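Keeping their order, the protein sequence lines are chains A and B. When we follow this note's numbering, the leftmost residue of the first sequence carries the number 332, and every step to the right adds one. When we follow this note's numbering, the leftmost residue of the second sequence carries the number 9, and every step to the right adds one.
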Amino acid sequence: MNTKKGSAHPYIPNSAPEVKAKMLKEIGVDDIDELYSDIPETLKFKGNINLPQALPSEYALKRHVEEILSKNQNCEDNLSFLGGGCWQHYVPAICDEINQRSEFLTAYGGEPYEDHGRFQALFEYESLMAELLDMDVVNVPTYDWCQAASTSIRMACRITGRNEILISDTVSPDRLLVINNYCRPIVNIKTLKHCPKTGAIDLNDLKSKISPRTAGVYFENPSYMGFLESQGNALSDIAHENGALSIVGVDPISLGIIVPPNYYGADIVCGDIQGLGVHMNYGGGLAGFIATHDEEKFVMEYPSRLFGITKTAVEGEYGFGDVAYDRTSFGLREKGKEFIGTCSALWGITAGVYLSLMGPEGIQKLGKTIMQKSQYAMKKISEIKGVKAPLFNAPHFKEFIVDFNDTKVPVKEINKSLLKHAIFGGKDLSDDFPQLGNCALYCVTEIHTKKEIDRLVQVLSDVLNRKEIKKRMILK
Amino acid sequence: MKTTRLRKFHQAKWDEPIIFELTKKGERGLLISEAEKEIKESIGDGISALPDNMKRKEAPGLPEISQMRVLKHYLRLSQQCLGADLNVDIGQGTCTMKYSPKINEILIRSPKVTELHPLQDESTVQGALEIIYKLDTFLREISGLSQFSLQPGGGSSAIFAMASIIRAYHEANGEAEQRDEIITTIFSHPSDAAAAASKGYRISTIFQDKDGLPDVEALKNAVSNKTAGLLITNPEDTGIFNPIITEFTRIIHDAGGLCGYDQANANGILGITRAKEADFDLCFFNLHKTFSSPHGCGGPAVGALGVTERLINYLPVPIVGFDGEKYFLNYNLPRSIGKVRGFLGVFPVILRAYAWIMSLGALGLKEAASIAVLNNNYILNKVKQIHGASAPYAKGRHRIEQVRYSWEKLTEETGISTEEISCRMADFGFHLWSSHHPFIVPQPFTIEPTESYSKDEIDEYISALNEVVKEAYQNPEKVKNSPHNSVVHKIDNSTLDNPEKWAITWRAYLKKNKIKE
Numbered sequence: 332m333n334t335k336k337g338s339a340h341p342y343i344p345n346s347a348p349e350v351k352a353k354m355l356k357e358i359g360v361d362d363i364d365e366l367y368s369d370i371p372e373t374l375k376f377k378g379n380i381n382l383p384q385a386l387p388s389e390y391a392l393k394r395h396v397e398e399i400l401s402k403n404q405n406c407e408d409n410l411s412f413l414g415g416g417c418w419q420h421y422v423p424a425i426c427d428e429i430n431q432r433s434e435f436l437t438a439y440g441g442e443p444y445e446d447h448g449r450f451q452a453l454f455e456y457e458s459l460m461a462e463l464l465d466m467d468v469v470n471v472p473t474y475d476w477c478q479a480a481s482t483s484i485r486m487a488c489r490i491t492g493r494n495e496i497l498i499s500d501t502v503s504p505d506r507l508l509v510i511n512n513y514c515r516p517i518v519n520i521k522t523l524k525h526c527p528k529t530g531a532i533d534l535n536d537l538k539s540k541i542s543p544r545t546a547g548v549y550f551e552n553p554s555y556m557g558f559l560e561s562q563g564n565a566l567s568d569i570a571h572e573n574g575a576l577s578i579v580g581v582d583p584i585s586l587g588i589i590v591p592p593n594y595y596g597a598d599i600v601c602g603d604i605q606g607l608g609v610h611m612n613y614g615g616g617l618a619g620f621i622a623t624h625d626e627e628k629f630v631m632e633y634p635s636r637l638f639g640i641t642k643t644a645v646e647g648e649y650g651f652g653d654v655a656y657d658r659t660s661f662g663l664r665e666k667g668k669e670f671i672g673t674c675s676a677l678w679g680i681t682a683g684v685y686l687s688l689m690g691p692e693g694i695q696k697l698g699k700t701i702m703q704k705s706q707y708a709m710k711k712i713s714e715i716k717g718v719k720a721p722l723f724n725a726p727h728f729k730e731f732i733v734d735f736n737d738t739k740v741p742v743k744e745i746n747k748s749l750l751k752h753a754i755f756g757g758k759d760l761s762d763d764f765p766q767l768g769n770c771a772l773y774c775v776t777e778i779h780t781k782k783e784i785d786r787l788v789q790v791l792s793d794v795l796n797r798k799e800i801k802k803r804m805i806l807k
Numbered sequence: 009m010k011t012t013r014l015r016k017f018h019q020a021k022w023d024e025p026i027i028f029e030l031t032k033k034g035e036r037g038l039l040i041s042e043a044e045k046e047i048k049e050s051i052g053d054g055i056s057a058l059p060d061n062m063k064r065k066e067a068p069g070l071p072e073i074s075q076m077r078v079l080k081h082y083l084r085l086s087q088q089c090l091g092a093d094l095n096v097d098i099g100q101g102t103c104t105m106k107y108s109p110k111i112n113e114i115l116i117r118s119p120k121v122t123e124l125h126p127l128q129d130e131s132t133v134q135g136a137l138e139i140i141y142k143l144d145t146f147l148r149e150i151s152g153l154s155q156f157s158l159q160p161g162g163g164s165s166a167i168f169a170m171a172s173i174i175r176a177y178h179e180a181n182g183e184a185e186q187r188d189e190i191i192t193t194i195f196s197h198p199s200d201a202a203a204a205a206s207k208g209y210r211i212s213t214i215f216q217d218k219d220g221l222p223d224v225e226a227l228k229n230a231v232s233n234k235t236a237g238l239l240i241t242n243p244e245d246t247g248i249f250n251p252i253i254t255e256f257t258r259i260i261h262d263a264g265g266l267c268g269y270d271q272a273n274a275n276g277i278l279g280i281t282r283a284k285e286a287d288f289d290l291c292f293f294n295l296h297k298t299f300s301s302p303h304g305c306g307g308p309a310v311g312a313l314g315v316t317e318r319l320i321n322y323l324p325v326p327i328v329g330f331d332g333e334k335y336f337l338n339y340n341l342p343r344s345i346g347k348v349r350g351f352l353g354v355f356p357v358i359l360r361a362y363a364w365i366m367s368l369g370a371l372g373l374k375e376a377a378s379i380a381v382l383n384n385n386y387i388l389n390k391v392k393q394i395h396g397a398s399a400p401y402a403k404g405r406h407r408i409e410q411v412r413y414s415w416e417k418l419t420e421e422t423g424i425s426t427e428e429i430s431c432r433m434a435d436f437g438f439h440l441w442s443s444h445h446p447f448i449v450p451q452p453f454t455i456e457p458t459e460s461y462s463k464d465e466i467d468e469y470i471s472a473l474n475e476v477v478k479e480a481y482q483n484p485e486k487v488k489n490s491p492h493n494s495v496v497h498k499i500d501n502s503t504l505d506n507p508e509k510w511a512i513t514w515r516a517y518l519k520k521n522k523i524k525e
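What follows is the structure in structure tokens.
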């Protein structure tokens with residue numbers, strides 16, 4: 332483009348006509364089209380791609396994109412109680428400072444010599460997560476929790492030589508969709524009933540379904556619905572007694588105050604690190620982790636990169652490299668473990684920065700604050716007539732189900748009204764979990780102030796008790 | 009004639025400890041706002057709600073470090089890392105290490121992006137949905153296919169999604185059990201084989217003929233009523249365009265299979281040739297490569313997955329629709345494979361790709377592709393003149409966007425390997441990658457210049473290559489013992505494959521080396 336006018340696009344230096352001519356001359360061709368001589372005419376696309384008018388001016392581009400983005404309303408201008416796998420936590424300034432660094436942002440496949448810093452930062456991420464999780468092996472991040480759970484399941488199947496997984500029926504519908512597609516047709520996924528009172532997995536149902544085919548039992552702490560599965564030991568014991576593995580999904584930000592799954596027998600732990608210093612980014616901040624003990628039979632089943640620490644030719648110098656690279660699909664193609672490619676490494680580095688900043692006390696205090704604020708929210712919400720939170724009689728972390736069944740007002744209508752007051756109400760569960768009736772999943776973190784929680788409660792009770800909900804919308 | 013300078017480079021070397029070694033009891037990196045007094049009075053410590061068996065009694069063993077020291081640590085680590093913004097990053101062939109425009113970084117840092125929750129009401133995210141929808145329509149034009157999903161979190165995830173759609177399609181036709189084989193080629197990305205195998209497929213790999221192209225006779229022998237589909241790149245990782253690609257897709261279609269196009273190598277052919285004309289049923293583009301989103305040390309990323317009309321119903325849900333007034337999420341895809349990633353994909357990557365395309369427009373995309381090809385053939389001409397280097401296959405022909413070269417002759421004559429040359433290139437501030445495994449091309453190296461680097465920068469890279477080759481012949485020990493100017497010296501890889509010694513975390517390192525903190 333623009334070559335006729337003699338100006339190169341700023342992103343394409345060698346489109347400057349003189350440079351281009353010089354290079355062509357050196358190759359010995361007259362026209363760039365000649366370089367495409369291997370492409371048959373029948374395959375060549377005639378004409379121009381149908382795209383909008385270009386905006387080569389940086390200012391024009393900025394204006395154009397900002398105008399589109401201005402149509403978004405976000406969780407800063409509104410008061411949001413959305414969670415369900417992507418959470419609004421405070422992102423420390425240094426997290427952004429580091430992940431915006433050109434060196435990390437634009438690096439990729441360098442060797443440990445060019446990219447020593449990338450290897451060290453990701454090794455440190457693995458190591459910091461390992462402390463939080465009390466496990467000795469953590470991978471370089473995979474795409475997200477959905478993928479981490481899926482791969483944990485496939486690992487369990489390879490380790491045990493079995494092909495059936497029992498999974499709590501309270502996991503997120505999104506996650507279950509990913510797991511089901513990732514496992515089909517290799518692994519059978521069977522769901523386990525939960526206790527309608529506590530949400531916990533029904534142990535009798537587990538005992539009746541577990542068999543010599545079972546590779547693993549998968550459950551989450553806290554669950555998608557926010558309650559804690561406190562019988563982790565019993566679940567792991569039943570799995571182990573039957574030769575199966577205990578696989579636990581966990582929200583790592585809870586682990587300052589809640590025991591890591593290793594304490595109740597987990598063999599493989601997975602989850603998402605988005606809460607650890609990464610902005611929500613409309614879901615683009617997700618990144619998954621997998622952790623195990625340092626046993627060869629587990630390590631050799633990871634598909635992921637595993638960065639390890641080693642020595643160099645110089646005494647006292649740390650070097651880094653890929654541990655057991657030959658297990659990966661980079662090493663062995665289809666004979667490797669699943670597959671590996673670009674995933675979510677930058678968020679791993681960011682989570683490492685976050686955990687370094689938080690330290691042991693910070694992560695404890697954060698957990699405590701979230702417990703206090705979410706309990707306060709549940710208590711206050713429950714004071715509204717006809718509304719109950721939490722739905723399940725169990726301890727909760729950060730998220731909880733608000734039961735609106737007795738109000739007879741559909742969550743959809745409640746949320747519509749809340750939106751008019753610049754409040755994003757909790758995720759409507761009535762489609763995904765019809766057996767719960769008219770419920771919503773609320774998320775309260777350290778960023779919510781008392782004043783904001785009180786405002787939610789005030790608006791909710793106004794919305795439910797006054798005329799804001801039109802009669803025709805009321806459930807029969 | 010001006011001689012190209014050989015830079016007297018030295019990588020930053022901070023001798024920076026491991027983060028745990030920085031701990032000082034009582035230091036704090038960040039303080040958390042505590043719950044308000046009234047909340048505490050109403051709730052208590054909050055932790056009492058936990059049953060005893062769920063309470064973590066001892067704090068996790070994270071380090072205690074003051075804020076500036078944490079900052080300094082990570083800044084120093086960043087300095088010990090060469091991104092495309094610093095490096096002339098043409099030595100990482102297949103990965104399209106192009107310029108990621110800074111304006112796009114400004115755009116993605118807007119709170120209108122960072123502070124969006126993926127479950128917000130559609131009415132509050134019309135801007136985000138508009139970007140997703142419009143990028144989808146751009147990619148339809150660029151590929152000629154009918155609909156894109158921007159959900160997959162990378163190229164390999166998109167390949168897995170293609171394999172999933174291929175399977176779902178055959179399931180719908182009652183042929184899923186019978187059609188249990190996917191065909192790929194040895195010069196296609198390892199994930200074309202590996203992700204399809206993860207979907208339960210047996211893999212049949214077509215090797216190259218004497219010209220470096222996948223052998224069409226081998227393909228004819230491989231297809232059968234067991235064939236589910238083909239996953240293939242074109243140009244392949246050799247940078248050679250397969251001119252009879254439509255014969256490949258025809259053979260697969262005749263056998264009842266579907267054809268998936270891995271467009272990881274699309275950077276040289278944007279606006280030149282499309283998936284549609286080559287009769288592909290599915291394709292994907294890496295938005296983090298071809299469409300300029302930065303690689304971020306390995307993600308986050310997007311593998312934008314496109315399909316023809318008849319496969320739209322199989323895509324992951326949701327896709328974004330537009331009713332003439334507003335954008336909406338469409339979950340109504342009756343044969344959908346489900347999902348391959350949480351929510352809608354990596355929105356910042358999608359936004360950067362949108363902005364990059366808008367900056368260039370149709371002519372600009374074609375110009376980017378053409379210059380990428382010009383740069384590549386310019387380098388090809390230079391490398392062919394380096395003693396000991398060669399460009400196997402397609403003798404005398406031009407290449408598209410990259411070339412897989414060989415140091416075979418140099419290794420024979422000097423004993424110096426690709427790996428050692430790469431180590432020495434690091435001393436000049438450059439990266440040189442070998443190849444995916446297996447090494448079909450002996451002592452391979454793969455260069456892909458993209459459109460982003462100036463002729464002078466390319467010349468500088470070539471002059472470093474020339475220097476290293478000169479040393480290989482005249483002073484091989486210098487190359488063998490390299491790097492000399494990097495952060496660290498020759499790494500001892502022997503522990504990394506040894507379960508007794510490998511250490512994937514600091515705590516494992518301390519345990520295995522019996523070090524007390």
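Here a beta-carbon is modelled for each residue, glycine too, at the ideal position from N, C-alpha and C. Since the structure is predicted, the reported quantities are computational estimates derived from the model, not experimental observations.
**Request:** Name, going along the chain, the residues of the segment 701-728 of chain A whose beta-carbon falls closer than 7 Å to a beta-carbon of chain B.
**Result:** Legend: CB atoms of the segment 701-728 of chain A lying less than 7 Å from CB atoms of chain B belong to residues Met702, Gln703, Lys704, Gln706, Tyr707, Lys710, Pro726.
**Asked** So what does DSSP say about Ser792(A), is it helix, strand or coil?
**Response** Sequence index remark: in the first sequence, residue 792(A) carries index 461 (1-based). Looking at Ser792(A) - three-state DSSP - the assignment turns out to be helix.
**Cut-off 7 Å between Cβ atoms - residues of its own chain near Glu317(B), not counting five sequence neighbours on either side** = One-based indexing of the second sequence puts residue 317(B) at position 309. Around Glu317(B): Ser154.
**Request:** Jot down the residue ranges of each uninterrupted alpha helix (DSSP H) in the segment 521-564 of chain A, minimum 4 residues, whole runs only, in chain order.
**Result:** DSSP runs (the alpha helix (DSSP H)) wholly in the segment 521-564 of chain A: 534-540.
**Item:** Nearest candidate by alpha-carbon position, reference Lys739(A), set Leu722(A), Gly768(A), Lys356(A)
**Value:** Your numbering for residue 739(A) matches position 408 in the first sequence. When only C-alpha atoms are compared, the closest one is Gly768(A).
**Request:** Report the neighbours of Val496(B) on chain C: residues whose CB is nearer than 8 Å to its CB, in chain order.
**Result:** In summary, chain C is missing from the structure at hand, where the protein chains are A and B.
**chain A contact for Ala205(B) (CB, 9 Å cutoff)** = The count along the second sequence starts at 1 and reaches residue 205(B) at position 197. Chain A has a Cβ within less than 9 Å of the Cβ of Ala205(B).
**Request:** Please say whether Pro160(B) and Val310(B) have beta carbons closer to each other than 9 Å?
**Result:** One-based indexing of the second sequence puts residue 310(B) at position 302. One-based indexing of the second sequence puts residue 160(B) at position 152. Inclusion of Val310(B) and Pro160(B) in the CB contact set at 9 Å is warranted, their separation being smaller than that value.
**Prompt:** What are the residues of the segment 301-326 of chain B that lie near chain A, defined by any Cβ-Cβ distance shorter than 7 Å?
**Reply:** If the cut-off is 7 Å between Cβ atoms, the segment 301-326 of chain B has Pro302, His303, Gly304, Cys305, Gly306, Gly307, Pro308, Ala309 near chain A.
**Request:** Note down, in chain order, all residues in the segment 216-233 of chain B with a beta-carbon under 8 Å from any beta-carbon belonging to chain A.
**Result:** Within the segment 216-233 of chain B, no residue qualifies.
**Beta-bridge partners of Ile190(B), as assigned by DSSP** = For this step, residue 190(B) is matched to residue 182 along the second sequence. Beta-bridge pairing links Ile190(B) to Ile211(B), Gly237(B).
**Message:** So Val548(A) and Leu559(A) are supposed to be a Cβ contact under 8 Å. How far apart are they, rounded?
**Reply:** Position 217 of the first sequence, counting from 1, holds the residue named residue 548(A). Position 228 of the first sequence, counting from 1, holds the residue named residue 559(A). A Cβ-Cβ separation of about 16 Å leaves Val548(A) out of contact with Leu559(A) under the 8 Å criterion.
**Item:** Proximal residues to Ser490(B) (C-beta, below 6 Å), its chain only, five neighbours per side dropped
**Value:** As a working mapping, residue 490(B) is identified with position 482 in the second sequence. Residues of the same chain with a CB within less than 6 Å of the CB of Ser490(B), apart from the 5 flanking positions on each side, are Cys431, Arg432, Asp435 in chain order.
**Request:** Rank Ile116(B), Thr503(B), His497(B) by C-alpha distance to the C-alpha of Ile358(B) and give the top, closest one.
**Result:** Within the second sequence, numbered from 1, the residue matching residue 358(B) stands at position 350. Ile358(B) has its Cα closest to that of Ile116(B), out of Ile116(B), Thr503(B), His497(B).
**Prompt:** Do the CB positions of Ile2(B) and Leu227(B) come within less than 9 Å of each other?
**Reply:** Residue coverage of chain B in this structure runs from 9 to 525, which leaves residue 2(B) outside it and unanswerable.
**Spatial neighbours of Ile512(B) in its chain, beta-carbon cut-off 7 Å, leaving aside the 5 residues before and after** = Counted from its first residue, the second sequence places residue 512(B) at position 504. Around Ile512(B), the same chain offers no residue with a beta carbon nearer than 7 Å, after the five sequence neighbours per side are excluded.
**Test: Gln88(B) CB closer than 9 Å to a CB of chain A** = Working through the second sequence from its first residue, we reach residue 88(B) at position 80. At least one chain A Cβ lies under 9 Å of Gln88(B).
**Item:** Alpha carbon of Ser585(A) to alpha carbon of Gln431(A), nearest angstrom
**Value:** For this step, residue 585(A) is matched to residue 254 along the first sequence. For this step, residue 431(A) is matched to residue 100 along the first sequence. Whole-angstrom Cα-Cα distance: 27 Å.
**Request:** Can you tell me which of the three DSSP states Phe723(A) falls into?
**Result:** Within the first sequence, numbered from 1, the residue matching residue 723(A) stands at position 392. In the structure shown, Phe723(A) sits in coil (DSSP, three-state: anything other than H, G, I, E or B).
**Message:** Looking at chain A, is there any beta carbon in it that lies within less than 9 Å of the beta carbon of Arg187(B)?
**Reply:** Counting from one through the second sequence, the residue named residue 187(B) turns up at place 179. Not flagged as an interface residue toward chain A: Arg187(B), since no C-beta distance is shorter than 9 Å.
**Beta-carbon gap between Pro765(A) and Phe620(A) smaller than 9 Å** = Translated into positions along the first sequence, residue 765(A) becomes position 434. Translated into positions along the first sequence, residue 620(A) becomes position 289. Their beta carbons are not under 9 Å apart, which means Pro765(A) does not touch Phe620(A) by this criterion.
**Prompt:** Listing by chain order, which chain B residues have their CB less than 9 Å from the CB of Gly602(A)?
**Reply:** Taking the first sequence and counting its residues from 1, one reaches residue 602(A) at position 271. The contacting residues do not exist; Gly602(A) stays about 12 Å from chain B at best.
**Item:** Nearest residue (CA-CA) to Gly378(A), options Leu278(B), Lys347(B), Ile429(B)
**Value:** For the purposes of this step, residue 378(A) is identified with residue 47 of the first sequence, where counting begins at 1. Nearest C-alpha to Gly378(A): Leu278(B).
**Message:** Do Ser458(A) and Ile73(B) count as a contact pair if the criterion is CB distance below 9 Å?
**Reply:** Here residue 73(B) is taken as the residue at index 65 of the second sequence, counted from 1. Here residue 458(A) is taken as the residue at index 127 of the first sequence, counted from 1. Not closer than 9 Å, so no.
**Asked** Taking the C-alpha atoms as reference points, what is the distance between Ile470(B) and Val96(B)?
**Response** In the second sequence, counting from the first residue as 1, residue 470(B) sits at position 462. In the second sequence, counting from the first residue as 1, residue 96(B) sits at position 88. Their backbone Cα atoms lie some 11 Å apart in a straight line.
**Prompt:** So, does the CB of Met332(A) fall closer than 9 Å to a CB anywhere in chain B?
**Reply:** For the purposes of this step, residue 332(A) is identified with residue 1 of the first sequence, where counting begins at 1. Note that Met332(A) scores a pLDDT of 43, beneath 50, so its modelled location is shaky and nothing firm can be said.
**Item:** Ala546(A) versus Asn573(A) - alpha carbon distance
**Value:** One-based indexing of the first sequence puts residue 546(A) at position 215. One-based indexing of the first sequence puts residue 573(A) at position 242. So the alpha carbons of these two residues sit roughly 9 Å apart.
**Request:** Can you check the segment 402-457 of chain A for any beta strand (DSSP E) of at least 3 residues that lies completely inside it and give the ranges in chain order?
**Result:** Qualifying beta strand (DSSP E) stretches: none in this window.
**Message:** Let me make sure I understand the geometry here. Which of Tyr209(B), Gln87(B), Phe293(B) has the alpha-carbon closest to that of Arg148(B)?
**Reply:** Numbered from its first residue, the second sequence carries residue 148(B) at position 140. For Arg148(B), the nearest C-alpha among the options comes from Phe293(B).
**Asked** How many angstroms separate the CA atom of Pro452(B) from the CA atom of Ile604(A)?
**Response** Here the question's residue 452(B) lines up with position 444 in the second sequence. Here the question's residue 604(A) lines up with position 273 in the first sequence. About 37 Å.
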